[in-house]
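Notes for the one structure printed next.
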Amino acid sequence: MSTISTGASNTNEPPSFFSSLPNDLVLNVLACVPRRYYPILTCVSKKFRSLVRSSELHETRSRLGKNSFYVCFREYDEDDGPSSTYHWFSLIENRLVSVPFPSQPDPYSAALMVGPEIYFVGGHISHVSISSSMWILDSRSGKLREGPNTLVARRFTGAGLVDDKIYLFGGHDKEDEEIQAEVFDTKTQTWDVAPNPKMKREWLRMSGISPSLDRKIYARNVTGQVIVYDPRDGTCEKIDVPNNDDGHCSKDVVVIENVLYIFKSSFGLMWYDSKEKVWRVVNGLKLGKRSASKVAMAEYNGKLAFLWHDRMKKEIWCVMITLERSGVEITGKVEWFGRVLSVPDDYRIMHCLNEG
1 MSTISTGASN TNEPPSFFSS LPNDLVLNVL ACVPRRYYPI LTCVSKKFRS LVRSSELHET
61 RSRLGKNSFY VCFREYDEDD GPSSTYHWFS LIENRLVSVP FPSQPDPYSA ALMVGPEIYF
121 VGGHISHVSI SSSMWILDSR SGKLREGPNT LVARRFTGAG LVDDKIYLFG GHDKEDEEIQ
181 AEVFDTKTQT WDVAPNPKMK REWLRMSGIS PSLDRKIYAR NVTGQVIVYD PRDGTCEKID
241 VPNNDDGHCS KDVVVIENVL YIFKSSFGLM WYDSKEKVWR VVNGLKLGKR SASKVAMAEY
301 NGKLAFLWHD RMKKEIWCVM ITLERSGVEI TGKVEWFGRV LSVPDDYRIM HCLNEG
């Protein structure tokens, strides 16, 4: 399987007791480790790096039911607008299969997956009624329970996961509100105040889920820039996205092997060279000039799952892309692609989540 090289150099061989264990046992242990820790494991040793990137680990996680990938659609009427009905599907053997999950209570809430649980935070029913609620969906049982309310009601919020803690920032309408960021400990199930973002409030209206990289949270705001929030001290950075006559950009920001990716309608799949601070186009892919509003992306087993909605044919298509880095170039290779679901014309992709 081709993936991005992290460029790690001096990695030692694993301890002798680890080397002596049967591969099947090691794979079972690694399969139980949350995937958000895999980038760290790849830096431990060549053995770990090889196992983390192996197809055997993917198969082991699938067998143990730890490879879940979900796509959520919302019904949308051209005249009446969005409804409160949601439909969930799971990617199984290159097809999206319906799963009987209940609809989330608050429309437009931020959603992210921590282990087998999906957290829905904030949102709004209308542009007037803003929510401070949290709901937690257990993907194993399909049961939805109410969690503790956020400290402040939010919409269009950035939501990211760092060290098993969910950080929210932005998405607040009151400029003088003291609490502009907060953190939820998934272990103690409690909220606390987080360092306020050191950035203009108008730049903090977010769109989509925010991945973490180097203990920082990356979120796209509604004006198209990527905002980087450091939850340790609140410092922020604004990364401009390439602009031209076609300003459409996917709402999803994806991190794979410590590299940031976005999709731009006019350029295609792009990655951010953090050293040179420039966006570069991923080579070797022909994804077409698709409307970014009909595209969803997520990391899936070290690969990039790229989905789009062909509304003319009422079909959802998926391309599974492996990524390989060489110097200042990243090349994408299509592992497989095909139609994964047929849907009514009024379905819109809302969430694309995997078990971290």
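Taking UniProt numbering, the leading residue of the sequence shown gets 1, the next gets one more, and so forth.
For each residue, glycine too, the CB sits at the ideal point set by N, CA and C.
None of the values given here were measured: they were computed from a predicted structure.
- Message: How far does the beta strand (DSSP E) with leucine 307 in it extend, from its first residue to its last?
- Response: Reading the sequence shown from its first residue, position 307 is the one you call residue 307. Per DSSP, leucine 307 belongs to the beta strand (DSSP E) from 303-310.
- Item | Helix, strand or coil at lysine 46 according to DSSP, with G and I counted as helix | Numbered from its first residue, the sequence shown carries residue 46 at position 46. The answer is helix: DSSP assigns lysine 46 an H, G or I state.
- Item | glycine 171 burial status per 10 Å Cβ neighbour count (16 or more: buried) | For the purposes of this step, residue 171 is identified with residue 171 of the sequence shown, where counting begins at 1. Buried.
- Query: Would you report the Cα separation of serine 84 and phenylalanine 101, rounded to the nearest angstrom?
  - Reply: In the sequence shown, residue 84 corresponds to position 84, counting from 1. In the sequence shown, residue 101 corresponds to position 101, counting from 1. Cα to Cα, serine 84 sits roughly 13 Å from phenylalanine 101.
- Message: Under 8 Å, with one C-beta from each stretch per pair, do the region 328-338 and the region 96-112 reach the 3-pair mark?
- Response: no
- Query: Could you check where the beta strand (DSSP E) with alanine 292 kicks off and where it finishes?
  - Reply: Locating residue 292 in the sequence shown gives position 292, counting from the first residue. Unbroken run through alanine 292: none, as it is neither H nor E.
- Message: histidine 124 and isoleucine 130 - do their beta-carbons sit closer together than 8 Å?
- Response: The residue given as residue 130 occupies position 130 in the sequence shown. The residue given as residue 124 occupies position 124 in the sequence shown. Yes.
- Query: In chain order, which beta strand (DSSP E) runs of at least 3 residues are fully inside the region 212-279?
  - Reply: 216-221, 226-229, 236-239, 254-256, 259-264, 268-273
- Specify, as a first and last residue, the run of the beta strand (DSSP E) that aspartate 77 falls within. Start at 1 with the first residue of the sequence shown, and residue 77 comes out as number 77. Where aspartate 77 is concerned, the enclosing beta strand (DSSP E) stretches over 69-77.
- Task: Under 6 Å Cβ to Cβ from glutamate 178, same chain only, skipping five residues before and after it: list those, please.
- Result: Taking the sequence shown and counting its residues from 1, the one referred to as residue 178 is at position 178. Closer than 6 Å at the Cβ level, and outside the excluded window around glutamate 178, lies no residue.
- Query: Where does serine 133 sit, in a helix, a strand or coil, going by DSSP?
  - Reply: In the sequence shown, the residue the question calls residue 133 occupies position 133. Note: serine 133 maps to coil in three-state DSSP.
- Query: Excluding five sequence neighbours on each side, which residues of the same chain lie with their C-beta closer than 6 Å to the C-beta of phenylalanine 184?
  - Reply: In the sequence shown, the residue the question calls residue 184 occupies position 184. Here the set comprises Ile166, Trp191.
- Task: Go through the region 134-175 residue by residue and report every complete run of the beta strand (DSSP E) that reaches 3 residues or more, in order.
- Result: 134-138, 143-147, 158-162, 165-169
- One or two residues paired with glycine 284 in a DSSP bridge: Against the sequence shown, residue 284 aligns to sequence position 284. DSSP lists no partner for glycine 284.
- Below 8 Å on the Cβ atoms is my guess for lysine 251 versus tryptophan 203; work out the distance and round it to an integer in Å. Indexing the sequence shown from 1 puts residue 251 at position 251. Indexing the sequence shown from 1 puts residue 203 at position 203. Contact doesn't hold; Cβ gap of about 16 Å is too wide.
- Taking alanine 110 as part of the beta strand (DSSP E), name the residues at either end of that continuous run. Stepping through the sequence shown from its first residue, residue 110 is reached at position 110. That run of the beta strand (DSSP E) goes 110-114.
- DSSP-derived helix/strand/coil call for valine 340: Position 340 of the sequence shown, counted from the first residue, corresponds to residue 340. Of the three classes helix, strand and coil, the one that applies to valine 340 here is strand, per DSSP.
- Item | Opposing strand residues paired with lysine 333 [DSSP bridges] | Start at 1 with the first residue of the sequence shown, and residue 333 comes out as number 333. Answer by DSSP bridge pairing, in chain order: Thr322.
- Message: With DSSP as the reference, identify every bridge partner of leucine 91, one or two as the case may be.
- Response: Your numbering for residue 91 matches position 91 in the sequence shown. The partner list for leucine 91 (beta bridge, DSSP) reads Leu96.
- Item | Residue closest to valine 26, alpha-carbon to alpha-carbon, out of Arg61, Glu355, Ile40 | If you number the sequence shown from 1, residue 26 lands on position 26. The shortest Cα separation from valine 26 among Arg61, Glu355, Ile40 belongs to Arg61.
- Item | Span of the alpha helix (DSSP H), counted from its first residue to its last, around aspartate 106 | The residue you call residue 106 lines up with position 106 of the sequence shown. Per DSSP, aspartate 106 belongs to no alpha helix (DSSP H) and is neither H nor E.
- Task: Out of Asn28, Gly224, Ser293, Asp163, state which residue places its alpha-carbon closest to the alpha-carbon of arginine 205.
- Result: As a first step, residue 205 is located in the sequence shown; it is residue number 205 there, counting from the start. The shortest Cα separation from arginine 205 among Asn28, Gly224, Ser293, Asp163 belongs to Gly224.
- Item | 8 Å Cβ cutoff met for alanine 159 and valine 114 | The residue given as residue 159 occupies position 159 in the sequence shown. The residue given as residue 114 occupies position 114 in the sequence shown. Not in contact: alanine 159 and valine 114 (Cβ atoms no closer than 8 Å).
- Query: From aspartate 345 to asparagine 283, what distance separates their C-alpha atoms?
  - Reply: For this step, residue 345 is matched to residue 345 along the sequence shown. For this step, residue 283 is matched to residue 283 along the sequence shown. One C-alpha to the other measures close to 32 Å.
- Query: What residue range is occupied by the uninterrupted alpha helix (DSSP H) comprising alanine 31?
  - Reply: Residue mapping note: residue 31 aligns to position 31 of the sequence shown, counting from 1. Alanine 31 -> alpha helix (DSSP H) spans 23-31.
- Query: First and last residue of the beta strand (DSSP E) that includes asparagine 354?
  - Reply: Stepping through the sequence shown from its first residue, residue 354 is reached at position 354. Per DSSP, asparagine 354 belongs to the beta strand (DSSP E) from 347-354.
- Item | Per DSSP, the bridge partner or partners of valine 193 | Your numbering for residue 193 matches position 193 in the sequence shown. According to DSSP, valine 193 bridges with Glu182.
- Query: Going by C-alpha distance, which of Arg145, Cys352, Val52 is nearest isoleucine 316?
  - Reply: Start at 1 with the first residue of the sequence shown, and residue 316 comes out as number 316. Cα-wise, what sits closest to isoleucine 316 is Cys352.
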